[in-house]
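Read in order, the letters of the sequence shown correspond to residues 54 to 491 in my numbering.
First up is the structure itself, then whatever we jot down about it.
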Amino acid sequence: MFSLLKLSSFNSHLMLLVVLVTFLLIIDLVKKRRPRNFPPGPQIFPLVGTFVDFKQPLHLALQKYGNIFSVQFGSLTFVVANGYQMVREALVHQAKIFADRPNIPLLQEIFRGFELISSNGHIWRQQRKFASATLKSIDVSFEEKVQEESRYLVETIEEEKGQPFDPHYKINSAVSNIICSITFGNRFDYHDNRFQELLHSLAEMLRLIGSFWGQLYNAFPLVMRWLPGPFRKIFRHWEKLQYFVKGVIAKHKEDLDQSKARDYIDCYLKEIEKFKGDTNSYFHKEYLLCSTLDLCLTGTETTATVIHWALLYMAAYPHIQEKVQLEINRVIGQSRQPMMADKENMPYTSAVLSEVLRMGNVVPLGMPRMSTSNTTLAGFHLPKTPDTFNPEHFLENGQYRRREAFLPFSAGMMMDGEMVFLFVGLFFFFFPKTPPPD
Numbered sequence: 054m055f056s057l058l059k060l061s062s063f064n065s066h067l068m069l070l071v072v073l074v075t076f077l078l079i080i081d082l083v084k085k086r087r088p089r090n091f092p093p094g095p096q097i098f099p100l101v102g103t104f105v106d107f108k109q110p111l112h113l114a115l116q117k118y119g120n121i122f123s124v125q126f127g128s129l130t131f132v133v134a135n136g137y138q139m140v141r142e143a144l145v146h147q148a149k150i151f152a153d154r155p156n157i158p159l160l161q162e163i164f165r166g167f168e169l170i171s172s173n174g175h176i177w178r179q180q181r182k183f184a185s186a187t188l189k190s191i192d193v194s195f196e197e198k199v200q201e202e203s204r205y206l207v208e209t210i211e212e213e214k215g216q217p218f219d220p221h222y223k224i225n226s227a228v229s230n231i232i233c234s235i236t237f238g239n240r241f242d243y244h245d246n247r248f249q250e251l252l253h254s255l256a257e258m259l260r261l262i263g264s265f266w267g268q269l270y271n272a273f274p275l276v277m278r279w280l281p282g283p284f285r286k287i288f289r290h291w292e293k294l295q296y297f298v299k300g301v302i303a304k305h306k307e308d309l310d311q312s313k314a315r316d317y318i319d320c321y322l323k324e325i326e327k328f329k330g331d332t333n334s335y336f337h338k339e340y341l342l343c344s345t346l347d348l349c350l351t352g353t354e355t356t357a358t359v360i361h362w363a364l365l366y367m368a369a370y371p372h373i374q375e376k377v378q379l380e381i382n383r384v385i386g387q388s389r390q391p392m393m394a395d396k397e398n399m400p401y402t403s404a405v406l407s408e409v410l411r412m413g414n415v416v417p418l419g420m421p422r423m424s425t426s427n428t429t430l431a432g433f434h435l436p437k438t439p440d441t442f443n444p445e446h447f448l449e450n451g452q453y454r455r456r457e458a459f460l461p462f463s464a465g466m467m468m469d470g471e472m473v474f475l476f477v478g479l480f481f482f483f484f485p486k487t488p489p490p491d
């Protein structure tokens with residue numbers, strides 16, 4: 054009798070659990086239902102969102118939906134604008150509306166609220182204005198830095214004595230050193246083990262952020278925050294990078310010369326002192342740390358990747374490389390290094406680099422943008438910041454409007470071309486590229 058009662062109790066609890074889970078799945082599915090006049094897209098499933106075949110390019114996987122479609126990954130909804138006219142309409146004609154960045158859970162967890170990559174509003178404008186003005190005012194010639202670093206790169210390549218080698222970390226070291234010389238005030242030797250470890254941490258961190266695990270974290274942050282997995286390495290790499298930059302900042306504080314700024318960190322430290330006590334200022338050590346790492350993150354990997362693609366395509370298409378070499382010989386000769394002023398007289402080389410960017414598709418998806426007000430794109434209605442508490446979601450011309458998808462109870466609810474041009478030009482100035490033997 055006791056066993057029967059126990060079994061009956063277990064079945065009741067199991068049935069209650071099944072009903073509860075089913076109810077929650079239905080609520081989640083209804084919440085994910087596309088609003089009226091919203092861009093179409095693949096079918097949405099409870100919890101997971103949409104399934105996309107990432108074995109082929111996104112625009113091919115979803116081409117049947119046209120140049121504007123919507124996808125959902127976990128709790129995140131994205132509208133994808135594809136094609137020149139569509140992107141231009143969103144980012145040029147409606148630039149102010151799509152100026153903000155959405156909150157990206159993984160970046161928020163990494164930067165602890167001090168992220169600049171996806172920041173908006175006054176903070177973003179203040180920090181961006183300072184960074185732009187500072188990088189222009191620092192007493193250093195960007196072009197000279199690239200030319201100087203290229204000589205070090207040539208020397209380390211010549212050490213290979215014509216034998217096959219992987220250029221990945223040599224190129225990454227060169228590009229990173231240019232960023233470091235402007236940000237930290239010094240460069241690092243290519244054989245410096247600590248420097249190479251930091252470059253490895255930077256590359257691995259970026260790879261993991263863009264990986265399946267990184268996107269899974271963004272889709273289900275509340276769950277993933279407590280689970281183990283490969284994405285945990287992101288935070289370990291970040292801590293290593295933070296530790297290094299904190300040490301550099303501390304050294305700068307010790308020997309800071311208020312009369313002269315050597316680099317970006319010096320300029321920022323002086324700005325912190327200038328606005329000390331100003332409650333409206335966002336110049337403090339946390340933003341210094343994050344803005345410095347922001348420059349490293351956004352300034353190294355993309356540029357280095359473009360250079361890798363350029364070398365690969367030139368080795369694969371020797372007849373095109375020959376034309377580039379002829380243009381270099383005609384415009385520059387062998388008595389000096391390439392300069393940015395040469396670009397106007399080198400249309401073929403410029404065209405080749407543009408084709409490298411097109412074919413290499415280094416940044417296939419731009420940094421996500423967020424609409425700051427209700428707008429229309431290609432005839433579809435895109436609401437303002439749907440995840441922000443804002444009663445105007447239910448107002449139209451000052452009058453209350455109940456949205457069709459609102460069922461709260463029973464069914465719920467975004468490169469530095471100069472660096473690439475100079476580096477690629479210098480590469481072909483010093484070395485011809487040939488494909489490896491089969």
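Note that beta-carbon positions come from the ideal geometry of N, C-alpha and C, so glycine has one too.
Straight-line CA distance for residue i to residue j?
i: PHE447; j: GLU307; result: Unreliable positioning characterises PHE447 in this predicted model, as indicated by a pLDDT of 41, which lies under 50. A coordinate reading is not provided.
i: ARG181; j: ARG141; result: 23 Å
i: VAL228; j: SER194; result: 15 Å
i: GLN268; j: GLN161; result: 13 Å
i: GLN125; j: ILE97; result: 7 Å
i: PRO439; j: ASN271; result: Bear in mind that a pLDDT of 48 at PRO439, under 50, signals an unreliable position, so the number given afterwards is only what the model happens to contain. Between PRO439 and ASN271, the C-alpha separation is close to 17 Å.
i: SER254; j: ALA394; result: 36 Å
i: GLN249; j: GLY119; result: 44 Å
i: ILE163; j: ARG278; result: 12 Å
i: PHE151; j: ASN427; result: 10 Å
i: MET258; j: MET367; result: 29 Å
i: ASN333; j: TYR340; result: 14 Å
i: LYS327; j: ILE302; result: 17 Å
i: ARG204; j: CYS343; result: 31 Å
i: ILE262; j: ARG285; result: 10 Å
i: CYS349; j: ILE231; result: 10 Å
i: MET139; j: GLN116; result: 14 Å
i: PHE442; j: VAL276; result: With a pLDDT of 33 at PHE442, under the threshold of 50, the predicted position of this residue should be treated as unreliable, though the coordinate-derived value follows. Distance between the alpha carbons of PHE442 and VAL276: 23 Å.
i: ILE287; j: PHE265; result: 13 Å
i: LEU312; j: LEU144; result: First, the residue type needs correcting, since residue 312 is Ser and not Leu in the sequence shown. Those two C-alpha atoms are separated by around 41 Å.
i: THR345; j: CYS233; result: 10 Å
i: GLN147; j: ASP153; result: 12 Å
i: VAL207; j: MET392; result: 17 Å
i: ARG165; j: TRP291; result: 12 Å
i: LEU280; j: ARG260; result: 20 Å
i: ARG247; j: LYS198; result: 22 Å
i: GLY386; j: TYR370; result: 22 Å
i: PRO220; j: ALA186; result: 34 Å
i: MET466; j: SER190; result: Caution is warranted here: a pLDDT of 32 is assigned to MET466, below 50, making its placement in the model unreliable, and no coordinate value can be reported.
i: GLU375; j: GLY282; result: 48 Å
i: TYR243; j: LYS293; result: 19 Å
Of the residues the options, which one's Cα is nearest the Cα of residue i?
i: CYS320; options: SER264, PHE237 and ALA369; result: PHE237
i: THR209; options: LYS189, GLU196, ALA186 and ASP245; result: ASP245
i: ILE235; options: LYS338, ALA184 and ILE385; result: ALA184
i: GLN390; options: GLN138, LYS376, GLU196 and LEU348; result: GLU196
i: TRP177; options: TYR335, LEU144 and ARG165; result: TYR335
i: GLU211; options: LEU129, LYS223 and ALA143; result: LYS223
i: LEU134; options: GLN200, ILE121, ASN225 and VAL145; result: The sequence given here has Ala at residue 134, not Leu. Minimum Cα distance to ALA134 is reached at ILE121.
i: VAL409; options: PHE288, LEU206, VAL145 and THR358; result: THR358
i: GLU20; options: PRO283, LEU251, ALA369 and SER312; result: Limits of the chain in this structure are 54 at one end and 491 at the other, which puts residue 20 out of reach.
i: ARG315; options: PRO400, VAL207, LEU188 and LEU346; result: LEU188
i: VAL132; options: ARG260, ASN225 and ASN90; result: ASN90
i: GLU201; options: PHE241, HIS221, ARG165 and GLU292; result: PHE241
i: LEU322; options: LYS338, SER388 and VAL199; result: LYS338
i: ASN225; options: SER407, THR356 and PRO92; result: THR356
i: THR130; options: GLY136, LYS149 and PRO92; result: PRO92
With a cut-off of 8 Å on the beta carbons, I'd call residue i and residue j a contact; round off their distance for me.
i: HIS18; j: ILE318; result: A question about residue 18 goes unanswered here, because the residues of the chain that appear run from 54 up to 491.
i: SER123; j: GLY94; result: 4 Å
i: PRO274; j: PRO155; result: That belief does not hold up - the Cβ atoms of PRO274 and PRO155 are roughly 13 Å apart, past 8 Å.
i: ILE373; j: VAL405; result: 6 Å
i: ASN398; j: VAL384; result: 5 Å
i: LYS396; j: SER403; result: 6 Å
For chain C, check one thing: does any of its Cβ atoms lie closer than 7 Å to the Cβ of residue i?
i: GLU162; result: The question asks about chain C, but that chain is absent: this structure has only one protein chain.
I'd like the ranges of any beta strand (DSSP E) spanning at least 3 consecutive residues and lying wholly in the region 318 to 346.
If we require 3 residues or more, the region 318 to 346 turns out to have no beta strand (DSSP E) run fully inside it.
Per the contact definition of three or more C-beta pairs closer than 8 Å, is the region 353 to 373 in contact with the region 399 to 415?
The region 399 to 415, when compared against the region 353 to 373, does touch it at the 8 Å Cβ threshold.
Cβ contact check for the region 291 to 299 and the region 208 to 223: 3 or more pairs under 8 Å:
The answer is no - the region 208 to 223 does not touch the region 291 to 299, with fewer than three Cβ pairs under 8 Å.
For the region 174 to 240, list the beta strand (DSSP E) runs that are entirely contained and at least 3 residues long, ordered along the chain.
List check, beta strand (DSSP E) in window: nothing returned.
Considering only residues of the region 128 to 168, which uninterrupted beta strand (DSSP E) runs meet the minimum length of 3 residues and lie entirely inside it, listed in chain order?
Runs of the beta strand (DSSP E) inside the region 128 to 168: 129 to 134.
Go through the region 370 to 404 residue by residue and report every complete run of the alpha helix (DSSP H) that reaches 4 residues or more, in order.
Counting only runs of 4 or more, we get 371 to 384.
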